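Numbering (UniProt numbering), first residue to last: 1 to 695.
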Amino acid sequence: MATRDKSTGNGGEVHQHADDETDILTTNQGIPVSDNQNQLKAGVRGPVLLEDFMLREKIFHFDHERIPERIVHARGSAAHGFFEAYEDLSDLTRADLFSEKGKRTPVFTRFSTVAGGAGSVDTPRDVRGFAVKFYTQQGNWDLVGNNIPVFFIQDAIKFPDLIHSVKMEAQSGYPQAASAHDTFWDFVSLMPESTHMIMWAMSDRTIPRSLRTMQGFGIHTFQMVNAKGKATFVKFHWKPKQGVQSTCWDEAVKIAGADPDFHRRDLFEAIARGDFPEWELGIQAFDQAFADSLPYDVLDPTKIIPEEVLPVRPIGRMVLDRYPDNFFAETEQVAYCPANIVPGIDFSNDPLLQGRLFSYLDTQLKRLGSTNFHQLPINAPKCPVMNFQRDGHMQMAVPKGRANYEPNSLNESDRDPEGGGPRECPVQGFQTVSGRSDEGEQGDKLRIRPASFADHYSQARMFFRSLAAPEQAHLASALVFELSKVGLEHVRERVVANLVNVDVELATRVADGIGMPVPKGSKPAVPVQDFDLSPALRIVEGPLAPQDIAGRSIAVLVADGSDAGAVATLTEAITGGGARAVIVAPKVGGATLSDGTLLKADAQLAGYPSVLADAVAVILSKEGTAALLNEGAAVQFVMDAFGHLKAIGHTPEAQPLLDKAGVVPDAGVVGIDKAFVDAAAQRFWDREPGVRQLA
Ligand code: HDD
Numbered sequence: 001m002a003t004r005d006k007s008t009g010n011g012g013e014v015h016q017h018a019d020d021e022t023d024i025l026t027t028n029q030g031i032p033v034s035d036n037q038n039q040l041k042a043g044v045r046g047p048v049l050l051e052d053f054m055l056r057e058k059i060f061h062f063d064h065e066r067i068p069e070r071i072v073h074a075r076g077s078a079a080h081g082f083f084e085a086y087e088d089l090s091d092l093t094r095a096d097l098f099s100e101k102g103k104r105t106p107v108f109t110r111f112s113t114v115a116g117g118a119g120s121v122d123t124p125r126d127v128r129g130f131a132v133k134f135y136t137q138q139g140n141w142d143l144v145g146n147n148i149p150v151f152f153i154q155d156a157i158k159f160p161d162l163i164h165s166v167k168m169e170a171q172s173g174y175p176q177a178a179s180a181h182d183t184f185w186d187f188v189s190l191m192p193e194s195t196h197m198i199m200w201a202m203s204d205r206t207i208p209r210s211l212r213t214m215q216g217f218g219i220h221t222f223q224m225v226n227a228k229g230k231a232t233f234v235k236f237h238w239k240p241k242q243g244v245q246s247t248c249w250d251e252a253v254k255i256a257g258a259d260p261d262f263h264r265r266d267l268f269e270a271i272a273r274g275d276f277p278e279w280e281l282g283i284q285a286f287d288q289a290f291a292d293s294l295p296y297d298v299l300d301p302t303k304i305i306p307e308e309v310l311p312v313r314p315i316g317r318m319v320l321d322r323y324p325d326n327f328f329a330e331t332e333q334v335a336y337c338p339a340n341i342v343p344g345i346d347f348s349n350d351p352l353l354q355g356r357l358f359s360y361l362d363t364q365l366k367r368l369g370s371t372n373f374h375q376l377p378i379n380a381p382k383c384p385v386m387n388f389q390r391d392g393h394m395q396m397a398v399p400k401g402r403a404n405y406e407p408n409s410l411n412e413s414d415r416d417p418e419g420g421g422p423r424e425c426p427v428q429g430f431q432t433v434s435g436r437s438d439e440g441e442q443g444d445k446l447r448i449r450p451a452s453f454a455d456h457y458s459q460a461r462m463f464f465r466s467l468a469a470p471e472q473a474h475l476a477s478a479l480v481f482e483l484s485k486v487g488l489e490h491v492r493e494r495v496v497a498n499l500v501n502v503d504v505e506l507a508t509r510v511a512d513g514i515g516m517p518v519p520k521g522s523k524p525a526v527p528v529q530d531f532d533l534s535p536a537l538r539i540v541e542g543p544l545a546p547q548d549i550a551g552r553s554i555a556v557l558v559a560d561g562s563d564a565g566a567v568a569t570l571t572e573a574i575t576g577g578g579a580r581a582v583i584v585a586p587k588v589g590g591a592t593l594s595d596g597t598l599l600k601a602d603a604q605l606a607g608y609p610s611v612l613a614d615a616v617a618v619i620l621s622k623e624g625t626a627a628l629l630n631e632g633a634a635v636q637f638v639m640d641a642f643g644h645l646k647a648i649g650h651t652p653e654a655q656p657l658l659d660k661a662g663v664v665p666d667a668g669v670v671g672i673d674k675a676f677v678d679a680a681a682q683r684f685w686d687r688e689p690g691v692r693q694l695a
């Protein structure tokens, strides 16, 4: 019997044989259990008996609880939600989820890091997966993208090499979840096509503040197809309503220690408090003539079409409003596959996408163990599934009827008095767009890279030069950090030689940072071009920079004697702005404020370093400050907030603590008033040259 899960408050179904009325524990065969504490033994202190089927079943099941983790994207966090169409897009596509304004389609979205294992931390420098399963009325559509709009390689045949190089090294088993090692840089430096993606990977995009503050991209060019069969090329973009926000590298490293589950917890808690993360889905739609006019190939996944060249048209929004009931059943067992596509959407000939169409289905069989993995609740379409595929391991369905083949004339029903269904339907069924015959689709069999894929540096240059100055400095410093972990000097040199083609100044900064001369540039296959810059690519001062504190976590440090009025006014202003005030005190039981009231703390100071907050307010009395001056956690709290360029609001009495933490007055160091709430919406990039040496 299915019962409601009372523990999550999330309304989940628990498909266990627990009886609602009696709540008696049973075995998996439904046999009531009399004793779940002791094995069956011969005598009080005697040996265990083999006949103890309850013990054997329990241990047997436990022994098999783990399934192979994903070879990539093993660590992930997910949520349920819905997609809502902004308008009727039938001029472009016959996909039902885009058929009318306001139409809602359920989704399950999983975010992930790429290189680390399932138990690794949330904040390494890494690309993030952004996979969305749309349960449409025409079947499941999986848009399996990343938070970066390009990829390292142009052809799927290189994927195993790429992943082997970035994962922990073969003989040593380390480093975990890090690209800063010899094999990765050896590989990418030999693959100049990775240069554009390397720029993104070394930018602040790969150290996101939250999963909620990441952009997402479908990367490949896809096609939308309308009812008349007219195809339009599209690129998919997800833009977070929360704005795009990243961390400082030092902060990301410290978060990994303070809270390895930082992103997972943030997603879960935001949903739990009703602050539902939201993204807008947009498309860049274009035809063949437009594609032909571009100086790069739209089938090349190492290229973007800048928004300044082709604006993104918003077509709907995704809201994540329910966290999974069970991590394993849903987040772990969800099986995305770029080949899951619905009528009205189609692939392109992007050779990376084409290879992916095989890989994902194949990997699910390995991971989930049966061709029937589509029957798992999280993978099952929410529309009818009717075909004659049968049997296999773990078959959950009980198909009725005598005929298990098509055509047949036996399966008559009220709907189908002639019998024989289900049948194919050329009108409603998925129709593949017929390609252009002059595009090489009918040519000789060739293993060849098109000449139109040969430019590996022009867009890398455009990306780097489009960034705001602080972001450029972070990118250069990230390269210095990573290459400093590379022991092989010839690899360092080869990387910098490739960078020379991107931007000589960048190459010089990196070479300086490593302490090596600038090498001669490697020889590009085709001349590098100076494309117009694309300011839309910036995070700092970019179009998606956050404007207010909504969705942020603001730490309020208090101690005994803190001004009760100031705490109340500030927490109200924070909550009023849609942010979360986290009361931090030396003791988790709370602090006795100036008016004698006890304010309970959300976190203990030593367990809540300021890296976990977006801004900090230090509301301390003279005595409170004196008590914390010799508390390393308090000094570090302020020092890190300053070093990570965050707003610091403080009472005048807290000044000695700020002085000890090395805080220098600037626009981000303010009083406990409205100025703080405004300041807490941003970071203070001008402060950075004073706190760390960047390349
Ligand atoms: Fe992949 C998982 C994204 C290229 C083979 N990939 C996976 C996931 C994401 C991506 C987000 C995790 C899905 C989840 O949450 O379960 N992958 C990408 C993107 C790519 C890309 C954006 C390039 C544009 N992938 C790619 C290639 C291949 C694969 C070229 C193989 C030829 N990817 C896999 C896989 C995974 C996977 C091995 C591991 C687990 C899984 O599929 O379900 O099949």
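Backbone N, C-alpha and C define an ideal beta-carbon position, used for all residues, glycine too.
Just so it is clear, the structure is predicted and the values come from calculations on it, not from any experiment.
Between V491 and L499, the CB-CB gap reaches or exceeds 9 Å. In this structure, the C-beta of R449 stays at least 8 Å away from each heavy atom of the ligand HDD.
With 16 or more neighbouring CB atoms inside 10 Å of its own CB, R683 falls in the buried class. The C-alpha of H220 is placed about 8 Å away from the C-alpha of D300.
The DSSP assignment places complete alpha helix (DSSP H) segments of no fewer than 4 residues inside the stretch 455 to 510 at 458 to 466, 469 to 484 and 489 to 502, in order along the chain.
When only Cα atoms are considered, S203 and F327 end up about 31 Å apart. Around the beta carbon of V616, 16 or more other beta carbons lie within 10 angstroms, which makes this residue buried.
E505 has its alpha-carbon roughly 44 Å from the corresponding atom of N340. Counting the other CB atoms within 10 Å of its CB gives M396 a total below 16, which places it among the exposed residues. Around the beta-carbon of K235, 16 or more other beta-carbon atoms lie within 10 Å, marking it buried. Partner residues in the beta bridge of A617, as assigned by DSSP, are V556 and G649. Around the C-beta of F358, fewer than 16 other C-beta atoms lie within 10 Å, and the residue is accordingly described as exposed.
Secondary structure note for D182: its alpha helix (DSSP H) is the uninterrupted segment D182 to L190. L190 and N501 have their C-alpha atoms roughly 14 Å apart.
A residue is called buried when at least 16 other Cβ atoms come within 10 angstroms of its Cβ; P160 does not meet this threshold and is exposed. Between the beta-carbon of P260 and that of D122 there is about 6 Å, and that keeps the pair under the 8 Å contact cut.
For N372, the secondary structure class from DSSP, reduced to helix, strand or coil, is helix.
C-alpha of F151 to C-alpha of G218: approximately 11 Å in a straight line.
Where P240 is concerned, the enclosing beta strand (DSSP E) starts and stops at A231 to P240. In the DSSP annotation of this structure, the continuous segment of the alpha helix (DSSP H) that includes I574 starts and ends at A564 to G576. Shown here for G139: same chain residues with a beta carbon closer than 7 Å to its own, the five before and five after excluded, namely V342, P381 and C383 in chain order. Remark: C-beta atoms of T651 and V618 approach each other more closely than 9 Å.
S77 has F111 as its beta-bridge partners, per DSSP.
Note on geometry: alpha-carbon atoms of S34 and D602 lie some 41 Å from one another. Taking the Cβ of Q245 as the reference point, every heavy atom of the ligand HDD lies at 8 Å or farther away. Less than 9 Å separates the beta-carbon of D182 from that of L488.
When the five nearest sequence neighbours on each side are left out, the beta carbons in the same chain lying within less than 6 Å of the beta carbon of A478 are those of M202, in order along the chain.
DSSP links S246 through a beta bridge to P208. Between F268 and Y323, the C-beta gap is smaller than 9 Å, which places the two residues in contact. Counting along the chain, no alpha helix (DSSP H) covers R423, and no H or E run does either.
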